[in-house]
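Asker: Sequential numbering from 100 applies to the sequence shown in the numbering used here.
Dropping the structure in here first, questions after.
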Amino acid sequence: MKGYIQVYTGNGKGKTTASLGLAIRAAGAGLKVFIGQFLKQEDYSEIKALSVFDNITVEQYGAGEFVKGVPSKEEKAQARKGYLKLCEVLKGNKHDLVIAEEGNVAVAYGLFSEEELLALMELKPENMELVITGRKALQSVMDKADLVTEMREIKHYYHQGVAARVGIEK
Ligand code: ATP
Ligand code: MG
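Have a look at this one:
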């Protein structure tokens, strides 16, 4: 089956959950899934939930604190490790669906470059589906993708001071 490149971006809620939904659908069809989450570390309920699936692998490349402004050395090192791992996963061609969670945000924070993300997209084997999520997708990345969905925020309780809740946002 031919695979495409999908991008979920924008300020509205649903980018990560869209990618997780795809992962579950793919797993249900017996496909092999690899999820690499940039910026995140532990504490995300999806990691626990997805551990019940034999055919979904999840790795995280964060350093605890979500980057605020200038990324730390540790955050950079983690992101580098994740970037190289995703390159290996794409080249290895053993998965049907690969998700670069918050890949756009990693680029926005300079954890790896626009050119590097484009190069990663270039590595996608014909029959693999690649999903890149996160706010601030670059035009070049959207141009290269086959499907781009913008989650447009109409209203979000975040602005009322509601922080990420366990089971709903994390
Ligand atoms: P979900 O994981 O629920 O699908 P998402 O992936 O679309 O959401 P992200 O952009 O990854 O959302 O947002 C991560 C967190 O940032 C949210 O859980 C929320 O707490 C917070 N957030 C939401 N809206 C904003 C905003 N406008 N500005 C800054 N942070 C926000
Ligand atoms: Mg997200």
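Backbone N, C-alpha and C fix where the C-beta goes; we use that ideal spot for every residue, glycine too.
This one's a predicted model, so the numbers in the text were calculated from it and none came from an experiment.
Buried or exposed: which applies to Leu-246, given that a residue is buried once 16 or more other Cβ atoms fall within 10 Å of its Cβ?
Answerer: As a working note, residue 246 is residue 147 in the sequence shown. With fewer than 16 Cβ atoms within 10 Å of its Cβ, Leu-246 is classed as exposed.
Asker: DSSP three-state label for Ile-155, please.
Answerer: To locate residue 155, count along the sequence shown from 1; it is residue 56. Of the three classes helix, strand and coil, the one that applies to Ile-155 here is strand, per DSSP.
Asker: Are there 16 or more other CB atoms within 10 angstroms of the CB of His-258, so buried, or fewer, so exposed?
Answerer: Numbered from 1 along the sequence shown, position 159 holds the residue referred to as residue 258. Counting Cβ neighbours within 10 Å, His-258 comes out exposed, since fewer than 16 surround it.
Asker: Within its chain, find whatever has a CB closer than 8 Å to the CB of Glu-201; leave out the 5 residues flanking it on each side and keep chain order.
Answerer: One-based indexing of the sequence shown puts residue 201 at position 102. Excluding sequence neighbours, Glu-201 sits near Thr-115, Gln-136, Phe-137, Leu-138, Lys-139, Thr-232 and Gly-233.
Asker: How many whole angstroms separate the CB atoms of Ala-122 and Ile-134, which I take to be in contact at a CB cut-off of 8 Å?
Answerer: Within the sequence shown, numbered from 1, the residue matching residue 122 stands at position 23. Within the sequence shown, numbered from 1, the residue matching residue 134 stands at position 35. Going by Cβ atoms, the distance from Ala-122 to Ile-134 rounds to 6 Å, so yes, they are a contact pair.
Asker: Enumerate, from N- to C-terminal direction, the unbroken beta strand (DSSP E) stretches of 3 or more residues contained entirely within the segment 100 to 142.
Answerer: The qualifying runs are 104 to 108 and 132 to 137.
Asker: Put Ile-198 into one of helix, strand or coil per three-state DSSP.
Answerer: Taking the first residue of the sequence shown as position 1, residue 198 is located at position 99. Here Ile-198 sits in strand by DSSP.
Asker: With distances taken from CA atoms, which of Ala-244, Leu-217, Tyr-256 and Gly-163 is nearest Tyr-143?
Answerer: On the sequence shown, position 44 is the one that residue 143 refers to. Of the candidates Ala-244, Leu-217, Tyr-256 and Gly-163, the one whose C-alpha sits nearest the C-alpha of Tyr-143 is Gly-163.
Asker: Return the residue from the list Ala-263, Ile-253, Leu-189 and Val-206 that minimises the CA-CA distance to Glu-228.
Answerer: Along the sequence shown, one-based indexing puts residue 228 at 129. Answer by Cα proximity: Leu-189.
Asker: I need the DSSP call for Ile-146, collapsed to helix, strand or coil.
Answerer: To locate residue 146, count along the sequence shown from 1; it is residue 47. Of the three classes helix, strand and coil, the one that applies to Ile-146 here is helix, per DSSP.
Asker: Looking at the structure shown, is Glu-187 part of a helix, part of a strand, or coil, going by DSSP?
Answerer: Numbered from 1 along the sequence shown, position 88 holds the residue referred to as residue 187. Glu-187: helix per DSSP, three-state reduction.
Asker: Under three-state DSSP, which class holds Val-265?
Answerer: Position 166 of the sequence shown, counting from 1, holds the residue named residue 265. Three-state DSSP puts Val-265 in coil, outside helix and strand.
Asker: Which whole-angstrom value is the C-beta distance of Leu-222 and Ala-199, which I expect to be below 8 Å?
Answerer: Start at 1 with the first residue of the sequence shown, and residue 222 comes out as number 123. Start at 1 with the first residue of the sequence shown, and residue 199 comes out as number 100. That belief does not hold up - the Cβ atoms of Leu-222 and Ala-199 are roughly 11 Å apart, past 8 Å.
Asker: Thinking C-alpha only, which one of Asn-192, Asn-203, Leu-196 and Phe-211 is nearest Lys-46?
Answerer: The question about residue 46 has no answer here: the residues shown for the chain are numbered 100 through 269.
Asker: Run through DSSP, which three-state label would Glu-173 get?
Answerer: Working through the sequence shown from its first residue, we reach residue 173 at position 74. Looking at Glu-173 - three-state DSSP - the assignment turns out to be helix.
Asker: In the DSSP assignment, find the beta strand (DSSP E) that holds Glu-252 and state where it starts and stops.
Answerer: The count along the sequence shown starts at 1 and reaches residue 252 at position 153. Here Glu-252 belongs to no beta strand (DSSP E), and DSSP marks it neither H nor E.
Asker: Roughly how many angstroms separate the alpha carbons of Glu-252 and Leu-130, rounded to a whole number?
Answerer: Position 153 of the sequence shown, counting from 1, holds the residue named residue 252. Position 31 of the sequence shown, counting from 1, holds the residue named residue 130. If you take the alpha carbons of Glu-252 and Leu-130, they lie about 32 Å apart.
Asker: Which whole-angstrom value is the C-beta distance of Leu-196 and Ala-125, which I expect to be below 8 Å?
Answerer: Taking the sequence shown and counting its residues from 1, one reaches residue 196 at position 97. Taking the sequence shown and counting its residues from 1, one reaches residue 125 at position 26. Right, the Cβ-Cβ distance comes to about 4 Å (below 8 Å), so this counts as a contact.
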